[in-house]
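So the structure is just underneath, and the comments pick up after that.
Numbering (this note's numbering), first residue to last: 4 to 570.
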């Protein structure tokens, strides 16, 4: 057995073997997001977060794992509907199972032997018996261990299958579309920089590997339908070539290298998810060397033209995409080797303008997984720490402090001939009586609230806001948030026209053309004024001949202006 030395390697050695021992800086955690949204109240105390962009997490609780814990996966292993922990330990050549006490706390670990130097663990129903088994990639023994679940969360049997040399991660997915889950395993020996595909025989045993080339030193793989043909493709992060390889599925579980896309330095973890809510899967790639995350947006066909980089903490090791703040879009959680976790909130369009760093509590965070561990409806964090040999649990407190949803009051879907508008909404109720709720008001000329046509009035304390608006169709909505960063939106968006009474043709003026427009509408089947009330010049609630007379009197006989007392 080679000696197992715990070190944090400098960048030049990060992707290389150590002389006379194992490099303990390797980890990849490709993972499915497992969500169980069954509410359960608990009594965690809240921690103060003064940044409105933060998400409230309880102080981390650490649970011992094995030696050099490098990968964590959350899944219901014993069938009680609560998510347990599986942790791969590179130093002790085993995987630790920590059962959930059904409240987000965990029992003492039980260890099961794997191959030599396990780097990644994945939980999936491999033998189609209804429970979740374990697939573990072992770097030093050049294989993947399959540990079958007996149905109670015990793993009494193990079978090893050869892969390429130095496997770094494993992902389970139905690659050949036959109803069972196959294995994708990237490996990193210099001559065979490729991904091994092991097809499932249907019973949790696997055929011999078939290798497909990737970039230089591939360390992470994620399986997703990237080109919309329903077959799962591969995204592979390559440490030495600083890029991500896209291997397209031919539809039968065979692959071809389609393209490589540049990322940051020392790309170490990849996650596929719909980050911009356009229906296809984008890429989030964590870059250890440049301490950032690359976002590559999908063009809809599995090509990726755009690249945006967002800074995270020092030496990031793992990225996970999940809706952490409950606003419906997917945020980023990044485990940083320098003992922090970076949370980057999604702006809703796949951009990540804000970042908040949290103390990870353990030493050397190497892997992160987001899941609802206490079943309260929000997503918590599980972090494997390779230097402190443990896993940290950070419980998300958003649902304990989240404001209620609330209605908009006025103006509703009614038109207005006043340009000075009072926008009023109901006060949001916050369960925390000591909290202060603030509001962001969004006014837009587009129902999509596109950035170029939207005004944002932020950090309002009152529930009434007065604004002078241009003549136009306006949409509005309100976001409430508290000091914990918990967010609720108004439970509807409303629209209203701001119009000039008598301006029947909508050109912003009251003149002869409006008389012609009104007569044409009333007697020649012409287009109606927009909105119709713009033609109600005498303010009697109807558009008729009297309005034509009223408008002519105003323009040519010094009569009263149209609808002087309009609302």
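We put the beta carbon where it would ideally sit given N, CA and C, even for glycine. None of these values were measured; they are calculated from a predicted model.
Item	Value
Taking the alpha-carbon of residue 309 as reference, which of 387, 287, 321, 291 has the nearest alpha-carbon?	287
Scan the segment 452-537 and note each continuous beta strand (DSSP E) run of 3 residues or more that stays entirely inside, going in chain order.	457-463, 467-471, 475-484, 490-492, 497-501
With three or more beta-carbon pairs closer than 8 Å as the criterion, would you say the segment 393-403 touches the segment 465-482?	no
Kindly indicate which residue of 237, 119, 171, 85 has the alpha-carbon position closest to the one of residue 107.	85
Can you list, in chain order, the residues of its chain whose CB lies under 7 Å from that of residue 35, leaving out five sequence neighbours each side?	Confidence is the limiting factor: at residue 35 the pLDDT is only 38, short of 50, which leaves the residue's position unreliable, though a coordinate-based value still follows. So the list is empty, once near-sequence residues are dropped.
By how many angstroms is the C-alpha of residue 432 removed from the C-alpha of residue 514?	49 Å
Measuring alpha carbon to alpha carbon, tell me which residue in 384, 369, 368 is nearest residue 2.	The displayed coordinates of the chain run from 4 to 570. Any statement about residue 2 would go beyond what the structure contains.
Hey, would you say the C-beta of residue 88 is under 7 Å away from at least one heavy atom of the ligand MG?	With respect to the ligand MG, the structure shown offers nothing to examine, as it has no ligands at all.
Quick one: using the 10 Å Cβ neighbour count with 16 as the cut-off for buried, is residue 68 buried or exposed?	buried
What residue range is occupied by the uninterrupted beta strand (DSSP E) comprising residue 288?	285-290
Helix, strand or coil: how does DSSP classify residue 548 here?	helix
Count the other C-beta atoms from every protein chain shown that fall within 10 angstroms of the C-beta of residue 38, then say buried if there are 16 or more, exposed otherwise.	Bear in mind that a pLDDT of 32 at residue 38, under 50, signals an unreliable position, so the model cannot answer this.
Measuring straight from C-alpha to C-alpha, what distance separates residue 274 and residue 498?	38 Å
Please name the residue or residues paired with residue 222 in a DSSP beta bridge.	Paired residues: none, contrary to the question.
Roughly how many angstroms separate the alpha carbons of residue 534 and residue 522, rounded to a whole number?	16 Å
What whole-angstrom Cβ distance do residue 462 and residue 441 have, given they're in contact under 8 Å?	5 Å
With DSSP run on the structure shown, which of helix, strand or coil describes residue 555?	helix
Quick one: Cα of residue 202 to Cα of residue 132, how far?	18 Å
Mind checking whether residue 343 and residue 325 have CB atoms under 8 Å apart?	no
Return helix, strand or coil for residue 21, following the three-state DSSP convention.	Since pLDDT at residue 21 reaches only 33, below the 50 mark, its modelled position is unreliable, and the value read off the structure follows with that caveat. Residue 21 falls in the coil class under three-state DSSP.
Give me the Cβ distance between residue 199 and residue 212, rounded to the nearest whole Å; I'm assuming they're in contact under 8 Å.	4 Å
Quick one: what's got a C-beta closer than 6 Å to residue 458's C-beta in the same chain, skipping five residues either side?	446
In chain order, which beta strand (DSSP E) runs of at least 3 residues are fully inside the segment 416-443?	423-428
Mapping DSSP to helix, strand and coil, what is residue 2?	This structure cannot speak to residue 2, because the chain is shown only from 4 to 570.
For residue 532, which residues in the same chain have their Cβ closer than 6 Å to its Cβ, ignoring the five residues on either side in sequence?	507, 538
In the DSSP assignment, what are the bridge partners of residue 242?	DSSP lists no partner for residue 242.
Would you kindly report the start and end of the unbroken beta strand (DSSP E) that includes residue 364?	Segment: none, residue 364 is in no beta strand (DSSP E) and carries neither H nor E.
In its own chain, which residues sit with a C-beta less than 6 Å from the C-beta of residue 118, not counting the 5 before and 5 after it?	141, 144, 146, 148, 163
For residue 323, which option in 298, 341, 311 has the closest C-alpha, if you only look at C-alpha atoms?	298
Which of the three DSSP states is assigned to residue 610 in this structure?	Residue coverage of the chain in this structure runs from 4 to 570, which leaves residue 610 outside it and unanswerable.
Would you tell me roughly how many angstroms separate the C-alpha atoms of residue 503 and residue 545, rounded to the nearest one?	16 Å
So for residue 328, helix, strand or coil by DSSP?	coil
The beta strand (DSSP E) that contains residue 311, what's its start and end?	311-314
Grab me the residues of residue 134's own chain with a C-beta within less than 6 Å of its C-beta, minus the 5 sequence neighbours each way, in chain order.	152, 154
For residue 306, which three-state DSSP category applies?	coil
Assess, as a yes-or-no matter, whether the segment 91-101 is touched by the segment 71-79 under the definition of 3 or more beta carbon pairs within less than 8 Å.	yes
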